[in-house]
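Q: Residue numbers (the working numbering): 4 to 639.
The structure that follows is given in the form of structure tokens.
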């Protein structure tokens with residue numbers, strides 16, 4: 004019998020409004036202990052100067068097949084996790100908050116490869132659910148308050164989640180599993196391990212495949228994910244050369260976002276209109292005729308731009324009160340390929356090195372069936388009213404091609420362990436807003452990539468260049484006392500060029516022709532800490548960390564040149580200062596930790612809305628002061 008033994012509590016106090024925070028720490032591996040009954044064991048980071056907890060492959064196996072590894076950390080102290088489905092796989096709805104910092108203010112890596120900020124419209128990485136098949140994860144490490152200095156992230160104002168893949172097995176073998184459930188849920192998983200091959204100098208590898216689908220628990224439409232993973236390890240000289248490959252195809256039908264007022268008026272099970280295409284057309288037509296959507300002049304329905312269907316009248320069909328009560332459909336489409344190659348070696352008893360190179364390609368579309376834009380606004384003739392729907396498909400399109408290298412070296416010199424490393428990444432990212440026509444007879448399939456748009460509202464080309472290096476020293480002052488100190492330097496240059504704005508190419512040199520570079524830089528982000536052993540099974544720890552979150556797309560998104568220049572001159576990257584102090588205890592199978600923390604979150608940024616959010620108007624980015632977070636965490 005498998006029993007979860009995850010218990011924790013957290014007490015948090017925030018001042019100066021809602022906030023979010025970050026930090027860093029030494030990269031030493033936590034001391035692992037296991038329970039003979041193979042219960043879920045939270046591995047407390049013995050010897051760490053930071054609050055660190057680890058979940059192992061055994062823990063992950065206790066969750067239902069296909070469960071996102073992020074979901075498991077909901078049981079840990081200081082973590083607030085929310086989702087819309089039991090697997091935690093629906094990306095739009097999944098959110099985590101750790102010590103007051105939200106998802107995109109944390110750091111994420113897989114086998115040291117950066118995954119970006121894991122936001123829904125991620126411009127510098129991908130969600131962990133797409134980066135690796137969940138059954139192939141070997142370990143998840145959560146640093147609640149401070150990631151290690153070596154963590155390849157420019158977003159971790161707060162802590163970090165570092166994922167490790169499960170390497171090839173030493174022996175030949177395979178696994179096949181199938182899971183089924185309600186809402187037409189099914190998941191198939193297969194993995195074949197070669198085992199160590201003597202004829203290939205002990206090389207070993209694996210290939211794995213997974214496919215999952217389930218219908219939404221309300222409304223119409225499936226949520227699908229298909230993945231392929233492969234990996235290898237081969238001894239080379241004093242070390243091991245390893246590689247990993249991930250191919251992912253995600254197709255998710257979205258739920259209708261509901262306000263509290265809508266739930267009270269329309270009910271908790273209210274959702275998108277699909278599959279009733281006739282009703283979607285009627286809502287779009289009525290919204291045009293009564294002026295709600297603003298796509299035409301109801302007083303002159305045949306003038307340009309023509310109203311799509313004047314004969315539909317102006318009365319909303321029950322129970323609609325407006326065109327935003329429900330849309331026909333929405334979806335998220337993401338295709339990813341991620342590959343890495345690494346070399347890890349102990350050159351001598353005292354010197355070790357690690358190096359990784361990686362590539363990531365992504366194509367994505369966020370799809371929304373909208374009544375706010377239609378082809379008649381772009382010259383479609385009145386004679387096409389019987390054929391062209393008043394509801395179009397709006398997309399936000401993503402095209403990412405990023406590559407990078409990172410490496411580190413560790414030197415044990417007497418009572419000192421000195422480590423240094425660097426990370427470089429180049430990211431070519433394009434983002435576009437386009438519109439696609441539907442016929443009145445049938446809508447476009449929402450889980451297929453849209454092609455042949457009738458309009459492009461905006462199109463931007465971004466280039467990100469990231470450089471980071473760190474140095475740190477862990478000094479064993481005595482058998483009981485260890486002191487840690489180090490710093491990292493981070494520089495992120497974001498260059499932007501405007502291809503289309505306001506449905507047209509900008510005039511070169513005009514205010515609409517936004518182009519330029521904004522830099523996020525801090526050359527000294529320190530981290531210091533200590534551990535002191537009170538006894539063989541008891542220690543206190545403490546640390547202080549400073550960090551910075553690099554600018555996102557926000558300073559450039561839908562901005563003019565003057566707006567971009569103003570933000571560049573008057574807005575600073577968000578930053579944080581984290582202090583924590585705690586006590587760890589181990590006695591047989593029991594592990595416990597108590598920690599207190601104080602976080603100062605400075606230069607907090609918010610986007611001040613310049614119109615209704617659904618319309619997509621730009622936000623004005625401003626620094627709005629600081630937030631202080633104080634808390635206590637208990638776990639055992």
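Cβ atoms here follow ideal geometry from the backbone N, Cα and C, with glycine treated the same way.
Since we're looking at a predicted model, the values are computed, not measured.
#1: May I ask you to report which of helix, strand or coil DSSP gives residue 142?
#2: Check the C-beta distance from residue 449 over to residue 256 and give it rounded, since I have them as a contact under 8 Å.
#3: Does the distance from the C-beta atom of residue 161 to that of residue 228 stay below 9 Å?
#4: Could you compute how far the alpha carbon of residue 189 sits from the alpha carbon of residue 97?
#5: For the beta strand (DSSP E) that contains residue 207, what are its first and last residues?
#6: Can you have a look at residue 263 and say buried or exposed, based on whether 16 or more other CB atoms are within 10 angstroms of its CB?
#7: Quick one: what does DSSP say residue 336 is sitting in, helix, strand or coil?
#8: Could you please give me the residues that DSSP links to residue 108 through a beta bridge?
#9: Taking the alpha-carbon of residue 76 as reference, which of 165, 592, 593 and 436 has the nearest alpha-carbon?
#10: Since residue 128 and residue 167 are thought to touch, with beta carbons under 8 Å apart, how far apart are those beta carbons, to the nearest angstrom?
#11: Please report the straight-line C-alpha distance between residue 73 and residue 86, rounded to a whole angstrom.
#12: On the criterion of 16 or more Cβ atoms from any shown chain inside 10 Å, does residue 520 qualify as buried, or is it exposed?
#13: Is residue 365 helix, strand or coil by DSSP?
#14: Taking residue 471 as the reference, which of 203, 605, 502 and 550 has the closest Cα?
#15: Spatial neighbours of residue 578 within its chain, please: C-beta separation below 6 Å, excluding the five flanking residues on both sides.
#16: Looking only at C-alpha atoms, which of 273, 244, 245 and 211 sits nearest to residue 258?
#17: Give me the Cα-Cα distance between residue 114 and residue 172, rounded to the nearest whole angstrom.
#18: Give the range of the beta strand (DSSP E) segment to which residue 3 is assigned.
#19: Which first and last residues belong to the alpha helix (DSSP H) in which residue 265 is found?
#20: Quick one: Cα of residue 183 to Cα of residue 68, how far?
#21: Residue 302 to residue 318, Cα distance in whole Å?
#22: Taking C-alpha atoms, which residue in 124, 55 and 143 lies nearest to residue 71?
#23: Nearest to residue 396 by alpha carbon, out of 543, 483, 599 and 460?
#24: Could you check the C-alpha separation between residue 290 and residue 623 for me, to the nearest Å?
#25: Determine the burial state of residue 311: buried for a count of at least 16 other Cβ atoms within 10 Å of its Cβ, exposed for fewer.
#26: Within a Cβ cutoff of 7 Å, which residues of the same chain sit near residue 305, ignoring the five residues on either side of it in sequence?
#27: When you compare the CB positions of residue 2 and residue 348, do they come within less than 9 Å of one another, or not?
#28: Rounded to a whole number of angstroms, what is the C-alpha to C-alpha distance between residue 80 and residue 633?
#29: So, with DSSP's three-state summary, where would you put residue 540?
#30: For residue 711 and residue 92, what's the separation of their Cα atoms in angstroms?
#31: Specify, as a first and last residue, the run of the alpha helix (DSSP H) that residue 566 falls within.
#32: Hey, could you find the ends of the alpha helix (DSSP H) residue 72 is sitting in?
#33: Could you check whether residue 468 and residue 434 sit closer than 9 Å to each other, using their CB atoms as the reference points?
#34: Mind checking which residues open and close the beta strand (DSSP E) that includes residue 287?
#35: Tell me which residues share the same chain as residue 685 and place their Cβ nearer than 8 Å to its Cβ, disregarding the 5 neighbours each side in the sequence.
#36: Considering only residues of the same chain and omitting the five flanking positions on each side of residue 642, which have a CB-CB separation below 7 Å?
A: Looking at the coordinates:
#1: strand
#2: 7 Å
#3: no
#4: 21 Å
#5: 207–218
#6: exposed
#7: strand
#8: According to DSSP, residue 108 bridges with nothing at all.
#9: 165
#10: With 8 Å as the limit, residue 128 and residue 167 do not qualify as a contact, their Cβ atoms being about 17 Å apart.
#11: 10 Å
#12: exposed
#13: strand
#14: 550
#15: 551, 605 and 606
#16: 273
#17: 17 Å
#18: In this structure the chain extends from 4 to 639, so residue 3 is not present and cannot be described.
#19: 263–269
#20: 9 Å
#21: 16 Å
#22: 143
#23: 460
#24: 29 Å
#25: buried
#26: 385
#27: This structure gives no information on residue 2, because the portion of the chain shown stretches from 4 to 639.
#28: 14 Å
#29: coil
#30: Nothing can be reported for residue 711: it is not among the residues displayed for the chain, which extend from 4 to 639.
#31: 564–573
#32: 72–75
#33: no
#34: It is not in any beta strand (DSSP E) - residue 287 instead sits in the alpha helix (DSSP H) that spans 280–292.
#35: Residue 685 lies beyond the stretch modelled for the chain, which goes from 4 to 639, so this question has no answer here.
#36: The question about residue 642 has no answer, for the chain in this structure spans 4 to 639.
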